[in-house]
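The numbering of the sequence shown is the working numbering, which starts it at 44 and goes up by one.
In this text, a Cβ means the ideal position worked out from N, Cα and C, and glycines have one as well.
What follows is a short report on a single structure.
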Amino acid sequence: MSFHFRTALCLALLLPLSLRAAELVILVDTATEMPMARFRNFQLIEGMHKDVGEALAGALGREPRFVALPRKRIVGALSSGMADVLCGYIPEWLDGTFPWSQPFVPLVEVVITSRAFPRARLLADLRGEPIGTVFGYTYPDLERALGSDFVRADGPSTDLNLRKLSLGRLHHMVTSKHLIDYRMKLADPPLALHPPLVVKHYLTGCALSPKGAVSPAQMERAVAQLQRDGTITAIMARYQ
C-alpha cells in the first residue's frame, strides 16, 4: 500500500469524526407542535425550534443535528451528553440541574375559552373548571394561581384539546399564544374563541448538557449575536 494511499485512507476515516466534532446536537420533544415543530418520520422538518437551532449552530460555527425524543427521555439524553442543548424551556419546566443560556425566545402562556361558554376574565374564574392540558407538561403558574382548584384535563396533544374545545367537550385549555395564533390563521372555519386570558409572559432559553460540546460562555456569545443582529426577532415574525 503506497504512502499516499494510506494517507488518503486515514483522512477518509478521520473525516466523519471531525464532522461529528463540528455538530451542535439539539434535542426536540416529539410532542411539540407547530409553529414550534413539525416532524416527518421522526425528523424535524420545520418550525421555530428548527429555525432557532440552525441559527444557534451557525453562530457557534457548527452544523445543526436535531434529535427528536419523547418528553420522558429528554432529561436523560441531555444529562448523558447524547445532545448538547435543549431550547424553548425555563428551568422550572425541566427536571434536573443544567447550565442555562440567558433567556431569549419569547413565549406567552394563555388560557383559551370557547365562545359557547362564559369568558374567563381572571385566573380565579377557572377555579374548579377542567382545563385542557397535555400529558407530561407542567403549568407552574396555573398551579400557583389556582392551587388545588387547578383541574387538569390531560390529553396527548394540543391539537386534540382544540378538537375537544370545538366539540364542546372542553370549555377551556392552556396553550401558547404562538400556537393559537398560528392555528387561528389556518382554521377554516375560524375557531370561535373568546380573547385569550394571559397566564404569563416568559422568555425561554436553552439548557446545556454538562457533557456537551458547547460551554455556557460559548452559548452566551452565540445568543448575544442572534439578539444583536435581529435574527431572533425575524424568526418570531415568520410565525405571527
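- Query: How far does the alpha helix (DSSP H) with Glu97 in it reach, from first residue to last?
  - Reply: It spans 91-103 - the alpha helix (DSSP H) in which Glu97 sits, taken as one unbroken run.
Check your understanding: Roughly how many angstroms lie between the CA atoms of Leu87 and Ser191, to the nearest whole one?
Key -> Rounded to whole angstroms, Leu87 and Ser191 show a C-alpha spacing of 37 Å.
| task | Please classify Ser252: does DSSP put it in a helix, a strand, or coil? | result | If DSSP states are grouped into helix, strand and coil, Ser252 belongs with coil.
Considering only residues of the same chain and omitting the five flanking positions on each side of Val194, which have a CB-CB separation below 7 Å? Closer than 7 Å at Cβ, skipping near neighbours: Gly171, Glu172, Pro173, Ile174.
Practice prompt. Could you check if Lys228 is buried or exposed, using at least 16 other CB atoms within 10 Å of its CB as the buried criterion?
Written response: With a threshold of 16 other beta carbon atoms within 10 Å, Lys228 falls short and is exposed.
- Query: Is His244 buried or exposed, if buried means 16 or more other CB atoms sit within 10 Å of its CB?
  - Reply: Residue environment for His244: exposed (fewer than 16 other C-beta atoms within 10 angstroms of its C-beta).
Check: Rounded to a whole number of angstroms, what is the C-alpha to C-alpha distance between Lys254 and Thr73?
Finding: Answer to the nearest angstrom: the Cα atoms are 23 Å apart.
(message) Do Val217 and Leu185 count as a contact pair if the criterion is CB distance below 8 Å?
(response) Taking 8 Å as the cut-off, the Cβ atoms of Leu185 and Val217 count as close.
**Prompt:** What's the C-alpha gap between Gly96 and Leu240?
**Reply:** If I take the Cα positions, the gap works out to 30 Å.
> Looking at the unbroken alpha helix (DSSP H) that takes in Gly119, where does it start and where does it end?
Replying inline: First-last of the alpha helix (DSSP H) with Gly119: 114-123.
What three-state label does DSSP hand Ile155 in the structure shown? Strand, per DSSP.
Which same chain residues, not among the five before or five after Gln283, have their C-beta less than 6 Å away from its C-beta? The same chain holds no residue with a CB closer than 6 Å to that of Gln283 once the five nearest residues on each side in sequence are set aside.
task = Output the distance between the C-alpha atoms of Ser252 and Ser123, rounded to the nearest integer angstrom.
result = A direct Cα-to-Cα measurement between Ser252 and Ser123 gives close to 8 Å.
Quiz item: Do the stretch 264-273 and the stretch 136-152 touch if we need at least three Cβ pairs shorter than 8 Å?
Solution: With the cut-off at 8 Å, the stretch 264-273 and the stretch 136-152 touch.
### Query
Does the Cβ of Leu210 have 16 or more other Cβ atoms within 10 Å, making it buried, or fewer, making it exposed?
With fewer than 16 other Cβ atoms within 10 Å, it is exposed.
_Quick check: Pro142 and Pro259, are their CB atoms within less than 8 Å of each other?_
Cβ atoms of Pro142 and Pro259: closer than 8 Å.
Q | Short Cβ contact (8 Å threshold) for Pro78 with His214 | A | Here Pro78 is not near His214, since their CB atoms are 8 Å or more apart.
- Who are the Cβ neighbours of Leu103 in its own chain at under 7 Å, not counting the five residues just before and after it? Closer than 7 Å at Cβ, skipping near neighbours: Leu67, Val257, Gln261, Ala265.
From which residue to which residue does the beta strand (DSSP E) around Leu236 run?
Note, Leu236: premise wrong, no beta strand (DSSP E); not H, not E.
Between which two residues does the beta strand (DSSP E) carrying Leu67 extend?
Where Leu67 is concerned, the enclosing beta strand (DSSP E) stretches over 66-72.
| query | According to the Cβ coordinates, are Lys115 and Gly179 closer than 8 Å? | reply | Cβ distance < 8 Å, so Lys115 and Gly179 count as in contact.
Between the Cα of Tyr182 and the Cα atoms of Glu135, Asp168, Ala65, which residue gives the shortest distance?
Nearest C-alpha to Tyr182: Glu135.
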